[in-house]
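J.: Start counting the sequence shown at 10; every next residue gets the next number (my numbering).
From the three backbone atoms N, C-alpha and C, an ideal C-beta is built for every residue, glycine too.
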Amino acid sequence: MNIASLTIDRIRRGLLAKEFSAAELAAEALRFAEAENPRTNAYLRLAPDRAMAGARRVDERIARGEEPGPLAGVPVAVKDVILTKGITTTCGSKLLEHYVPPYDATAVERLEAAGGIVVGKTNCDEFAMGSSNENSAFGPVRNPVAPDRVPGGSSGGSAAVVAQGTAVVSLGSDTGGSIRQPASFCGVVGVTPTYGRVSRFGLTAFASSLDHIGPFARNVKDAATLLGAIAGRDGRDSTSAGAPVPDYPALLDGSAKGLKLGLPREYLKDLTSETGDLIARGVDTLKHLGCEVREISLPHTDYAIACYYIIATAEASSNLARYDGVRYTFRSANSETLADMYRNTRGEGFGAECKRRIMLGTYVLSAGYYDAYYLQAQKVRALVARDFAAAFTGVDAIVAPVSPYPAFKLGEKVNDPLAMYLSDIFTITGSLAGIPCMSVPCGNTAEGLPVGLQILTGHFAETTMFRLADAFERTQRRPCV
Ligand code: GLN
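1) Let me check one thing: in DSSP terms, what residues is tyrosine 312 bridge-paired to?
2) Whole angstroms are fine: how far does the CA of asparagine 144 sit from the CA of glutamate 471?
3) Taking three-plus beta-carbon pairs below 8 Å as touching, is the region 122-133 in contact with the region 384-393?
4) Give a single yes or no on whether serine 375 has its beta carbon closer than 6 Å to a heavy atom of ligand 1.
5) Using only CA atoms, which one of Phe225, Leu270, Lys103 lies nearest to glycine 162?
6) Going by alpha carbons, who is nearest to cysteine 300 out of Gly457, Pro149, Val408?
7) Can you tell me whether glutamate 482 is helix, strand or coil according to DSSP?
8) Mind checking aspartate 58: buried by the 16 CB within 10 Å criterion, or exposed?
9) Can you give me the C-alpha to C-alpha distance between arginine 336 and glycine 23, rounded to a whole angstrom?
10) How about leucine 120 and leucine 80: do their beta carbons lie closer than 7 Å?
11) Can you list, in chain order, the residues of its chain with a C-beta nearer than 7 Å to that of proline 258? Leave out the 5 residues immediately preceding and following it.
12) Quick check on the DSSP output: what are the complete beta strand (DSSP E) runs of length 3 or more inside the region 280-325, in order along the chain?
13) Within 10 Å of its beta-carbon, does valine 109 have 16 or more other beta-carbons around it, so buried, or fewer, so exposed?
14) Have a look at the DSSP bridge pairing and note the partners of alanine 240.
15) Alpha carbon to alpha carbon, what distance is there between alanine 406 and arginine 395?
16) So, is leucine 441 buried or exposed, given that buried needs 16 or more other C-beta atoms within 10 angstroms?
17) Between the region 34-42 and the region 10-18, can you find at least three pairs of beta-carbon atoms closer than 8 Å?
18) If I measure Cβ to Cβ from alanine 26 and keep anything under 6 Å in the same chain, skipping five residues before and after, which residues do I get?
19) Out of Arg21, Val200, Ala172, which one is the CA nearest neighbour of valine 67?
20) Roughly how many whole angstroms lie between the Cα atoms of phenylalanine 339 and phenylalanine 359?
21) Restricting to Cα atoms, I'd like to know which of Pro149, Leu104, Lys103, Lys364 is closest to valine 423.
22) Return the CA-CA distance between alanine 42 and proline 84, expressed in angstroms with no decimal places.
23) Compare the C-alpha of arginine 227 against each of Asp256, Pro426, Arg19 and name the closest.
24) Taking only runs that begin and end inside the region 419-486, name each unbroken beta strand (DSSP E) of 3 or more residues, in chain order.
25) Looking at serine 102 and glutamate 503, is the spacing between their C-beta atoms short of 7 Å?
26) Looking at the structure shown, is valine 85 part of a helix, part of a strand, or coil, going by DSSP?
27) With hydrogens ignored, establish whether the beta-carbon of aspartate 89 is closer than 6 Å to any heavy atom of ligand 1.
28) Distance check for serine 218 and tyrosine 382, CA to CA, integer angstroms please.
29) Can you determine whether any heavy atom of ligand 1 sits closer than 6 Å to the C-beta of methionine 138, and answer yes or no?
30) With contact counted as at least three CB pairs below 8 Å, one residue from each stretch, are the region 205-217 and the region 319-334 in contact?
31) Whole angstroms are fine: how far does the CA of proline 445 sit from the CA of isoleucine 319?
32) Near glycine 205, which residues of its chain fall below 6 Å by C-beta distance, leaving aside the five closest residues on each side in sequence?
33) So the beta strand (DSSP E) valine 335 belongs to, where does it begin and stop?
34) Would you report the Cα separation of glycine 461 and proline 410, rounded to the nearest angstrom?
35) Which word fits arginine 151, buried or exposed, when buried means at least 16 other C-beta atoms lie within 10 angstroms of its C-beta?
36) Quick test of your reading: proline 415 and threonine 284, contact by CB under 8 Å. State the CB separation rounded to the nearest angstrom.
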């Protein structure tokens with residue numbers, strides 16, 4: 010059984026034909042993950058007991074002749090910012106090194122109800138802050154495609170396990186690009202759904218108005234299936250949307266004919282030449298598929314990074330206030346007073362990037378600066394969202410690069426936070442607008458580094474996004490079957 014080549018459809022066929030059981034598949038996935046992990050550090054921990062118990066439940070359902078669910082027996086990895094009852098969830102932080110959640114995130118609950126098997130928790134930047142996975146307190150992840158390079162971040166581990174083949178699909182989180190950028194760097198599909206499409210209950214808060222849970226997969230159909238299983242209204246997240254969840258995978262017919270696509274001119278100027286060439290080739294392919302491509306303008310793009318790093322840090326400074334050494338696990342040992350205990354706990358527990366953001370966020374929210382920075386950023390956010398709304402009156406989808414360049418070397422940008430922030434330029438805009446956006450592989454550089462094409466659509470138009478990505482994917486390579 011070759012886990013690395015399995016798809017959701019193939020697993021279903023294998024289970025129903027009794028070629029293998031869910032328990033055999035789970036045991037093999039765990040064995041493979043354990044053997045491969047030293048090469049990438051992508052898993053922070055495996056969950057053998059939970060995986061085997063889940064697999065036995067699937068096998069029992071099949072034996073009783075019941076429908077085993079759309080994710081039956083599928084090995085799924087979960088980013089370590091998403092809570093799993095009874096399984097340590099660290100958020101990539103020393104502060105939560107020993108934190109064992111008392112409940113499951115809604116997305117985890119739903120994927121298990123659909124028959125999915127949680128095989129382990131994946132490494133990530135601390136509290137999902139970063140673009141390279143180098144901000145994890147538990148060491149960086151190596152890109153399985155090029156081990157001297159980063160896998161992207163912050164969901165680097167979730168992208169790497171799918172690229173490496175130790176999980177068939179995985180969950181990540183995206184606040185400003187953390188699903189699309191690692192998907193692009195590792196050569197897999199990564200989807201950020203509409204804000205509110207997937208419940209955030211049990212997703213550790215970074216910047217609540219921007220946080221999303223979304224899937225990684227090796228093909229578009231698997232990503233669509235996983236999203237369908239976890240999406241929908243949840244009474245425990247008041248921002249989750251009640252809009253009905255379409256049967257995404259059933260709507261993929263390989264056709265993109267007649268779709269009107271916009272190519273934002275602001276996104277094409279700062280690309281490395283190889284990335285630019287691959288994106289241009291991708292756009293030509295879409296034209297051959299019968300799409301009508303026209304240039305559009307998203308005029309507020311240049312202000313998006315500044316706007317995001319004010320809003321995201323402001324929300325983070327407030328959300329991260331809860332890690333005070335009282336209610337959660339880590340507490341600094343040597344403190345005389347309560348104030349010292351807070352100071353030492355946070356001083357010793359948080360890494361440099363979190364501290365930088367807490368300070369920045371506290372500053373932009375403080376009296377006298379609130380109007381100048383935070384309020385101004387909120388207005389700019391509305392303008393960025395308006396750019397997209399205006400564009401979608403004339404086009405069905407927008408196509409764009411995901412990142413200005415492919416995966417960079419480990420250590421290359423880690424000491425230059427500003428350069429790291431600037432690399433988010435093409436993903437942050439979609440996050441600010443709360444629209445669905447995804448990365449689909451569109452070829453490799455001469456060195457063999459993957460490059461992703463980004464597709465963005467209007468709110469809740471995931472179906473159009475998936476149909477376009479699926480039609481494109483069919484021209485790139487034969488998706489695994
Ligand atoms: N790279 C961005 C940041 O550091 C995005 C992170 C994310 O989407 N979680 O904030």
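T.: The structure says:
1) Translated into the one-based positions of the sequence shown, residue 312 becomes position 303. Its beta-bridge partners do not exist; DSSP assigns none.
2) Taking the sequence shown and counting its residues from 1, the one referred to as residue 471 is at position 462. Taking the sequence shown and counting its residues from 1, the one referred to as residue 144 is at position 135. Roughly 31 Å separates the two Cα atoms.
3) no
4) In the sequence shown, residue 375 corresponds to position 366, counting from 1. Serine 375: no, Cβ never under 6 Å from ligand 1.
5) Your numbering for residue 162 matches position 153 in the sequence shown. Nearest option by C-alpha distance: Phe225.
6) Numbered from 1 along the sequence shown, position 291 holds the residue referred to as residue 300. It is Val408.
7) Sequence index remark: in the sequence shown, residue 482 carries index 473 (1-based). Here glutamate 482 sits in helix by DSSP.
8) In the sequence shown, residue 58 corresponds to position 49, counting from 1. The residue in question, aspartate 58, is exposed, as its Cβ has fewer than 16 Cβ neighbours within 10 Å.
9) Here residue 336 is taken as the residue at index 327 of the sequence shown, counted from 1. Here residue 23 is taken as the residue at index 14 of the sequence shown, counted from 1. Rounded to whole angstroms, arginine 336 to glycine 23 spans 46 Å at the Cα level.
10) Residue 120 sits at position 111 when you count from the first residue of the sequence shown. Residue 80 sits at position 71 when you count from the first residue of the sequence shown. Result yes, Cβ atoms of leucine 120 and leucine 80 sit closer than 7 Å.
11) Taking the sequence shown and counting its residues from 1, one reaches residue 258 at position 249. Once the five neighbours on either side are set aside, the close Cβ partners of proline 258 are Lys230, Ala233, Thr234, Gly237.
12) 301-305
13) Locating residue 109 in the sequence shown gives position 100, where the first residue counts as 1. That one is exposed.
14) Start at 1 with the first residue of the sequence shown, and residue 240 comes out as number 231. Bridge partners of alanine 240: Val207.
15) Numbered from 1 along the sequence shown, position 386 holds the residue referred to as residue 395. Numbered from 1 along the sequence shown, position 397 holds the residue referred to as residue 406. Going from the Cα of arginine 395 to the Cα of alanine 406 covers about 15 Å.
16) Counting from 1 along the sequence shown, the entry for residue 441 is found at position 432. Buried, by the Cβ-count rule.
17) yes
18) Taking the first residue of the sequence shown as position 1, residue 26 is located at position 17. Cβ within range, chain order: n/a, list empty.
19) Here residue 67 corresponds to residue number 58 of the sequence shown, with the count starting at 1. Among Arg21, Val200, Ala172, the Cα nearest to that of valine 67 belongs to Arg21.
20) One-based indexing of the sequence shown puts residue 339 at position 330. One-based indexing of the sequence shown puts residue 359 at position 350. Between phenylalanine 339 and phenylalanine 359, the C-alpha separation is close to 10 Å.
21) Numbered from 1 along the sequence shown, position 414 holds the residue referred to as residue 423. Comparing Cα-Cα distances from valine 423 to each of Pro149, Leu104, Lys103, Lys364, the minimum goes to Pro149.
22) Counted from its first residue, the sequence shown places residue 42 at position 33. Counted from its first residue, the sequence shown places residue 84 at position 75. If I take the Cα positions, the gap works out to 11 Å.
23) Numbered from 1 along the sequence shown, position 218 holds the residue referred to as residue 227. It is Arg19 whose Cα lies nearest to the Cα of arginine 227.
24) 446-453, 459-466
25) Because the chain is modelled from 10 through 490, residue 503 falls outside the range shown and cannot be assessed.
26) By 1-based counting over the sequence shown, the position of residue 85 is 76. Residue state, collapsed to three classes: strand.
27) Here the question's residue 89 lines up with position 80 in the sequence shown. Incorrect: aspartate 89 has no Cβ contact closer than 6 Å to ligand 1.
28) Along the sequence shown, one-based indexing puts residue 382 at 373. Along the sequence shown, one-based indexing puts residue 218 at 209. Cα to Cα, the separation comes out at about 17 Å.
29) Here residue 138 corresponds to residue number 129 of the sequence shown, with the count starting at 1. Result yes, Cβ under 6 Å from ligand 1.
30) yes
31) Here the question's residue 319 lines up with position 310 in the sequence shown. Here the question's residue 445 lines up with position 436 in the sequence shown. Their Cα atoms are separated by approximately 22 Å.
32) Translated into the one-based positions of the sequence shown, residue 205 becomes position 196. Contacts found: Thr248, Ser249, Ala250.
33) Here the question's residue 335 lines up with position 326 in the sequence shown. Element bounds for valine 335: n/a, residue is neither H nor E.
34) Residue numbering aside, residue 461 sits at position 452 when the sequence shown is read from its first letter. Residue numbering aside, residue 410 sits at position 401 when the sequence shown is read from its first letter. The alpha-carbon atoms of glycine 461 and proline 410 are separated by roughly 7 Å.
35) Within the sequence shown, the letter at position 142 stands for residue 151. With 16 or more other Cβ atoms within 10 Å, it is buried.
36) Locating residue 415 in the sequence shown gives position 406, where the first residue counts as 1. Locating residue 284 in the sequence shown gives position 275, where the first residue counts as 1. With a Cβ gap of about 7 Å, proline 415 and threonine 284 count as contacting.
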